[in-house]
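Chains as they are written, first to last, in my numbering: chain A, 1 to 249; chain B, 1001 to 1428; chain C, 2001 to 2316.
Here's the structure, in structure tokens; my notes come after.
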Ligand SMILES: Nc1ncnc2c1ncn2[C@@H]1O[C@H](COP(=O)(O)OP(=O)(O)OP(=O)(O)O)[C@@H](O)[C@H]1O
Ligand SMILES: [Mg+2]
């Protein structure tokens, strides 16, 4: 297997505070990888570096072997990497359906087309309906996204992310704010749509993490303190001390 | 976006799906039969040009989230270029039928849209607004300086009948010109409507709503804005070209800040959140301008008042207000609003009469000749030197305002009740 | 040549400081409230008209004090009963609102005072030349304008650095989102700043009216220039606004004095140019003619190459 994402000696500071302090990480293609760590460890910041929301202070980022450090976010996305946001980040004045549809237009190769009617793009519309079905929002298709409830917006957030069918998916706390059954549903969905794809997710819910991940990386204060298969992480004393505490048992 | 925003298209017949366009086409064709007088046709011509211009403006503000204070640049430059083409073709006598000349304006708009857009569309919001203002001022000032191109203060003129006849038409009469302009209007409006429903048009909405997220689904916000900006420039240029052939003169006024301001005013009053908003705005504004100015010199002040009131109390514009009542109309509950509307409407009308009265008297004070003191207003002769008219108008204004404000909550409640019912009906 | 330089310098200084009186208020308002007040120059015009009407009744000097106060009140009312309601729709809506207000003020002025230029004059004692150099007079009134502007500049400096309110304002400028946490009555501070900024604009109008003319277009003449000043100086930077005011003041007065075109340059290096080509305008226009374009050119260049302005820290 080849690597999907490789982070090499990554550093990021905001002003004088170093948030990411020399992260090295390789995620294999097809792997389901979870990143865990206490609040403020820099997990979201790591995502923001990978997806080029921020430029790293030092270090390189490789996507399928190719150096993408400094590429703009849209180019990273076009290389088949999609992400969701911890703080919901949708198109508030557009309908739920439009939100999902916008998530896939580029990926389905319609680019900047200004001659095709979106309603006549049968492939796009069928897929949009499918995604709505998957995230359980079919009945809300015509509602402006801005007026959805928090849980619905979280679901839509995932919907936009998976819409394009990217083969590397980064999810930032996808189940935050969901109840048990919604969480279970989301886990199932994520498992299904990332079949044969690469998944990286940040998650605080340990049952989700251990249920889904092939490999887990523990990030504390911007440093990787452990990385390995779930069993190994569960047994790692440093991890227990730093983060997991009693939750694991 | 008001028109057919539904997700599933429902493949109805071509005729049904475009019903509103067919209706508009019939209306446009029949209008000159109803409004026959020369002035009426002139008003219609102006209206059609403004409709295109406002729609193109809304590609920026409403659909792309770019507030421009310099959109007249593309309108005016389009006008200059189209005018030069008419001059050139008229002089040299090469093949160039008049109906094609607006394309020159459109291409000029497209080109300058690319030129100025290439550095102004990096960001939206305040920066964009400031750059557009700067470019607007720069072009307006330049058009007075580069006299060879723009004719300076006098502008440039041409005779449209010098051109190659178009199927026998020389466009000497107002009605012929009307059909030319109206044809371009229908075509442009339809194209702009189509544009709003293409992948690019939808992504323009997405970038307006959330530029960051748009980048994470594969689109460069800058490129999306630039392309919308160029399209807006193109249609503004078409409108400018039509202006040129209609009035046969293009001056600095077409590029300056006043014109840029008017198009913002029109689009906003009409409602920037809807495709049809700018059309409503352009029609209303042109009517106000041409009708109101027959009765009062301070019509622009009233337009300003309407604009500020729109920004403060009805940011969705006239179209928004209409759309708010559409679901209620569909369930036939509009009647329940009649009384509450009356209760607010009558005092509001009193207030308006009071305000208008005071303003007109005030204005009369400044323009009256020495010794004059009677002003004709509301079919009465009023003596401005007497306190009575002032007091009556003042009482009407203040009283009307407070009563209307007392009654407004009841109207809002009635509207909410009715639309709740409409929604319940809709979901079942 | 020396004469030209000295007088252009003096005029540039007068004009530049006038611009600063306008741009300082605009900058303060922007820094604290995030609002680019389109109506600022209209308030300046209002100041001139108020002062004209007052001076017609009771003379120039009372007008100098009363008119700015009135304009300040108008500004505070606009903030309190207009802007504050629009705030929830965001900055773009605020900008559109102030644009509407600018439109309304301009129309109301024509409604009340008519379209003609007002006969608003400087007082007798100031309508004499202060000194004469190389046969050219320097009017006492310009010196007076200079004195008022400098006085305002110093007063502003003192208020901002020496008083409690000044410190709050400074805190608000550097940490726009945190003033609320300081526990001050933020809405009141906003209204106050808007009022004071408007009063400054009004004062600028009062003293500019006799020199630059009191007519319905006077806001349009300066309106966009003031925006140029605060953007070029760097939004939210008072020092930037100060330096940019002087820069643009000088730029414009010097440009007016330079009667030189590309053609002249070509002639000097021995290239002759055709007078008939359509592009001939490009090289026959003189620097003096291009003067009005220069500030906007500067604005566009700054926004492209240095969006924070010369001294600003925030992007526009
Ligand atoms: N743009 C920024 N500017 C300054 N500091 C930032 C910025 N973004 C993040 N930080 C800081 O970086 C640190 C790490 O933040 P980050 O959001 O990456 O944590 P996290 O691991 O995702 O935490 P959580 O589990 O709460 O989501 C925090 O202390 C945060 O305050
Ligand atoms: Mg996080």
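Glycine residues also receive a C-beta, built at the ideal position from the N, C-alpha and C atoms.
Being a predicted model, the structure only gives us computed values, none of them experimental.
| Query | Result |
| --- | --- |
| Among 1074(B), 1071(B), 1101(B) and 1058(B), which has the Cα closest to the Cα of residue 1085(B)? | 1101(B) |
| Spatial neighbours of residue 2026(C) within its chain, please: CB distance less than 7 Å, with the 5 preceding and 5 following residues excluded, ordered by chain position. | 2037, 2040, 2197, 2226 and 2230 |
| What number of angstroms, rounded off, separates the C-alpha of residue 1041(B) from the C-alpha of residue 78(A)? | 52 Å |
| Under 8 Å, with one C-beta from each stretch per pair, do the segment 65-82 of chain A and the segment 45-57 of chain A reach the 3-pair mark? | yes |
| Check each candidate in 180(A), 165(A), 221(A) and 182(A) and name the one with the smallest Cα separation from residue 1217(B). | 165(A) |
| Over what stretch of residues does the alpha helix (DSSP H) that includes residue 1343(B) continue unbroken? | 1338-1367 |
| Which runs of the alpha helix (DSSP H) spanning at least 4 residues fall entirely within the segment 90-146 of chain A, listed in chain order? | 96-104 and 122-134 |
| In chain A, what lies closer than 9 Å to residue 1194(B) by C-beta? | 114, 115 and 117 |
| Any idea what DSSP makes of residue 1335(B), helix, strand or coil? | helix |
| Measuring from the CB of residue 44(A), is there a heavy atom of ligand 2 at a distance below 7 Å? | yes |
| From residue 1111(B) to residue 1188(B), what does the alpha carbon distance come to, in whole angstroms? | 18 Å |
| For residue 86(A), verify whether its CB is less than 7 Å away from any heavy atom of ligand 2. | yes |
| Hey, is residue 1272(B)'s beta-carbon within less than 8 Å of any beta-carbon in chain A? | no |
| Grouping DSSP H, G and I as helix and E and B as strand, with all else coil, what is residue 1036(B)? | coil |
| Below 8 Å between beta carbons: does that hold for residue 2063(C) and residue 2055(C)? | yes |
| Got a sec? Which residues, its chain only, sit under 7 Å from residue 2160(C) by beta carbon, not counting five neighbours each side? | 2166, 2169 and 2170 |
| Looking only at its own chain, which residues have a Cβ that is under 7 Å from the Cβ of residue 2071(C), when we skip the five neighbours before and after it? | 2043, 2046, 2047, 2050, 2198, 2199, 2201 and 2202 |
| What first and last residue would you give for the beta strand (DSSP E) that runs through residue 170(A)? | 168-172 |
| What in chain C is Cβ-close to residue 1268(B), meaning under 7 Å? | 2096 |
| Quick check on the burial criterion: 16 or more other C-beta atoms within 10 angstroms. Buried or exposed for residue 2081(C)? | exposed |
| Using beta carbons (cut-off 8 Å, strictly below), is residue 2086(C) in contact with chain B? | yes |
| Any beta carbon from chain A within less than 8 Å of residue 1418(B)'s own beta carbon? | no |
| For the segment 1358-1389 of chain B, which residues have a beta carbon sitting closer than 7 Å to at least one beta carbon of chain C? | 1359, 1362, 1363, 1366 and 1367 |
| Please list, in chain order, the residues of the segment 2099-2112 of chain C that have any C-beta partner in chain B closer than 8 Å. | 2099, 2100, 2101, 2103, 2104, 2107, 2108, 2110, 2111 and 2112 |
| With a threshold of 7 Å, establish whether the CB of residue 172(A) neighbours any heavy atom of ligand 2. | yes |
| Kindly list, in the order they appear in chain C, the residues whose Cβ is closer than 8 Å to that of residue 1176(B). | Simply none; closest approach about 31 Å. |
| I'd like to confirm something about residue 216(A): is its beta-carbon nearer than 7 Å to some heavy atom of ligand 1, or not? | no |
| Mark residue 1007(B) as exposed unless 16 or more other C-beta atoms lie within 10 angstroms of its C-beta, in which case mark it buried. | Because the pLDDT at residue 1007(B) is just 40, under 50, the model does not fix this residue reliably, and the point stays unresolved. |
| Flag this pair as yes or no: are the beta carbons of residue 1071(B) and residue 1060(B) separated by less than 8 Å? | yes |
| With a threshold of 8 Å between beta carbons, is residue 1127(B) in contact with chain C? | yes |
| Going along the chain, which residues of the segment 1138-1164 of chain B sit with their C-beta nearer than 7 Å to a C-beta in chain C? | 1138, 1141, 1142, 1145, 1146, 1147, 1148 and 1149 |
| DSSP three-state label for residue 204(A), please. | coil |
| Quick one: does residue 2120(C) have its CB under 8 Å from some CB of chain B? | no |
| Verify whether the separation of the beta carbon atoms of residue 163(A) and residue 94(A) is less than 8 Å. | no |
| Residue 2111(C): which of 1109(B), 1366(B), 1126(B) and 1317(B) sits nearest, CA to CA? | 1366(B) |
| Tell me which residues of the segment 42-74 of chain A have at least one Cβ-Cβ distance to chain B shorter than 8 Å, keeping chain order. | 51, 53, 72, 73 and 74 |
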